[in-house]
Every structure is written in C-alpha cells, then in structure tokens.
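> Numbering (our numbering), first residue to last: -19 to 349. Ideal Cβ positions, reconstructed from N, Cα and C, are used throughout, including at glycine. Predicted model, so just to flag it, every value in this text is computed and none were measured. Questions regarding the structure given below will be posed in turn.
Listed below in structure tokens is the structure:
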C-alpha cells in the first residue's frame, strides 16, 4: 500500500478557513443589498411615438456605482483562484469608481488595497477610496498598468486587473448579474424585450455580460440589440471596425470610467451589434439636462449612455418603429462637482455644451397644449 509523505500534502487548512470566512463576508454583504431600480423617463414625445426609455440606476449600490457588481466578482475570482489570501495586498489600475468599489470589498475581507490611478482622477473619488481604507497612487494615465503590476510584485500582492478579468470573473449566464436583473425588471413593461440596450465600455466586462446574455436567450430576445457608445479619445469603436488590437491613443478621455487608450482584453466586439461615438460635450450636456428631469446629478458615463439612447430613439421615431430602450446610470454626479458640473472646468477643456443642450431641450420639450 502506498504511503504519502507529509511534504506532499499541499493543502493549507488555515488558508482555506480564511477564504471561507472572506467569501461568507462577501456573500453576506450581497444578501443585504437590494437590487437597483429601473427608472422610466417621462418624455411625452417618445411616449406618444410608442417608445419607452429606461435607466437602470446602478449608483445606488453600497459603493456607489455600476462597478460594485464587478468588484465583488473580481474579489471572489481572486479568492477562489487562490490569488488573494489572508494579508495579500490588493492592487488595481483604475480611474476611480472600480477602485472605490474594490476598496469597499477589500475592507470587508480585511486586506490592504492600493489604487493606481491617473493624476486627473476626480478628487471626490480619491477621498472615497481613502475613506474606505484604501491608498491611492497617482501616475500619468499611460503608466497605470505597468505601475500596478510593479507595485503588486514589489509587495508580493495581487494585481486584480479589471481590464483583463472583467469578462471572465462575472457569470454572464445568470446569478443575478446586471443583464438578468435588467431583463427581469422589464418583464411587465409595455415592451418587455428591449429594442436596444445601450452601454458604454470601460473594461468591456458589462457589455460582454449583456451581449452574451442576449445571445443565450435568443428565443426570447431575438430582436434585442446591444449598442456600445464610446467617448472621445477611446479606441474601442475603431477596434470594433478594424479589429486591430494594437490601436492606442495618447490623450485620455474626459469621461472617467469609460473609453480606453488601448484595447482591453475584456472588450468582446463580436457580442456588440452597433457602436456610436459620443462627443464629450454631448455627454456633459446630457447629465445637466437629465438633472432637470430626475432631480439628481449623475456621472459623465451616464450622459454618454443616455445621449446614445436618445439618438437611437430619434432614429426609431424617424423610421416609425416602436419599442423600449434601456441604458444605465453608472454612478452619482456628486463625484464630479469639481469637473463635469463646474463651468470653469468645462471652459478650460474648450467644450461648448450649448448646441447639445438646445438639441436635448427641443427633443424632450413637454407638450403643454
């Protein structure tokens, strides 16, 4: 009978116990969290045309953004792969919102968290990361990837790398992911199967989840299409057209959290039906207009999403099409009071919002007759 030498047993009971405790903490937090709301916008011109427009409000997560879902998935992915252990420093490259959410979960499991972020990251986001016990390391935008890798290696930590693992860590088939939640909430609406779902891309993970989910449920959502909207100075749309993974940009996007200077591994173009470029001025004008509609400030990526959704709605009206369009509120506008909602900052970027504000006001003007 063969005998096993003690040194061949590589199991680590104490490590397993820590992982079990960490996972239970993450699952308990998930159990305490309600789903996010689906808001129907009141735009009479669209309603009369048979078009319903919805915003799924991801800003109400405990860490304040769409990235809450991703951060939780990335933490579980790291723990279950054995990459995150008790005391492992966790490092991320992020323009802010993902890092806020990851700082939230790192504190929950008791691990050190360091965000490597561009120098232009909104001060409010930096304060939020630090308030959650995280550390912020500011570098030039093009340095965030290499610096995060370097820090993780130096600290014997784990580079969580949202840009590579976003589409892998999320279960796109279900498990109450954003796609399943969105389509479930639409089930009792006038047009339960949306004509369009509109999503901006930062890592590409959310668009991958939604696109895959639509294809998994083709029988039910055979006419639903995914449109990805892209801000200025982002490579995703050009990559979508050319499929050249070597495209780079040297000027960062003004719309934090979306648009990338390089093609990220998590962006899956083949699940996207259409892409639209959105000017930065249009994104910022849209969130200012939206504040007058829902009495709340939202982040710049919400403006990118909504401007694209409104453009599709206008196209549907011109083609006498009816149906629903769903997009997202990604985070709160309170994070951008010093930038997107600051007229001096907008002027310093040479952005003219007025032409887009006029278009939005004319498009959504209430019929008072």
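Would you grab the beta carbon distance between residue 187 and residue 206 for me? Rounded to a whole angstrom, and I think it's under 8 Å.
Contact holds; Cβ gap of about 7 Å.
> Using C-beta distances below 6 Å, list every residue in its chain close to residue 47, excluding the 5 sequence neighbours before and after it, in chain order.
Correct list, in chain order: 77, 78 and 81.
> How about residue 50 and residue 185: are their beta carbons less than 9 Å apart?
In contact: residue 50 and residue 185 (Cβ atoms closer than 9 Å).
> In terms of residues, what are the limits of the beta strand (DSSP E) holding residue 254?
Taken as a continuous stretch (DSSP letters only), the beta strand (DSSP E) holding residue 254 covers 254 to 258.
> Which residues bound the alpha helix (DSSP H) around residue 108?
Element bounds for residue 108: 103 to 111.
> In this structure, does DSSP put residue 115 in helix, strand or coil?
Of the three classes helix, strand and coil, the one that applies to residue 115 here is strand, per DSSP.
> What does a CB cutoff of less than 8 Å around residue 230 pick up in its chain, not counting 5 residues either side in sequence?
Within the same chain, residue 230 has close Cβ partners 122 and 241.
> For a test of the three-state rule: what should DSSP assign to residue 96, helix, strand or coil?
Residue 96: strand per DSSP, three-state reduction.
> Residues in the same chain with beta-carbon distance under 8 Å from residue 151, minus the five sequence neighbours each way, listed in chain order, please.
Correct list, in chain order: 53 and 157.
> What's the gap between the Cα of residue 39 and the Cα of residue 268?
Their Cα atoms are separated by approximately 17 Å.
> Hey, quick one: how far does the beta strand (DSSP E) through residue 303 stretch, first residue to last?
Note, residue 303: beta strand (DSSP E), 303 to 309.
> With 16 as the cutoff for other CB atoms within 10 Å, does residue 344 come out buried or exposed?
When all chains shown are included, residue 344 counts as buried.
> Counting along the chain, where does the beta strand (DSSP E) carrying residue 145 start and finish?
First-last for residue 145: 142 to 149, but that is the alpha helix (DSSP H), not the beta strand (DSSP E).
> For a test of the three-state rule: what should DSSP assign to residue 134, helix, strand or coil?
Helix.
> When the Cα of residue 295 is compared with those of 26, -2 and 102, which residue comes out closest?
Minimum Cα distance to residue 295 is reached at 26.
> Is residue 56 near residue 84, with beta carbons less than 9 Å apart?
In this structure, residue 84 does not lie closer than 9 Å to residue 56 by Cβ.
> If we cut at 9 Å on Cβ distances, does residue 112 have a partner in chain D?
In the displayed structure, chain D is absent; only one protein chain is listed.
> Output yes or no for whether 9 Å exceeds the beta carbon distance between residue 191 and residue 238.
No, the pair does not count as a contact, with Cβ atoms beyond the cut-off.
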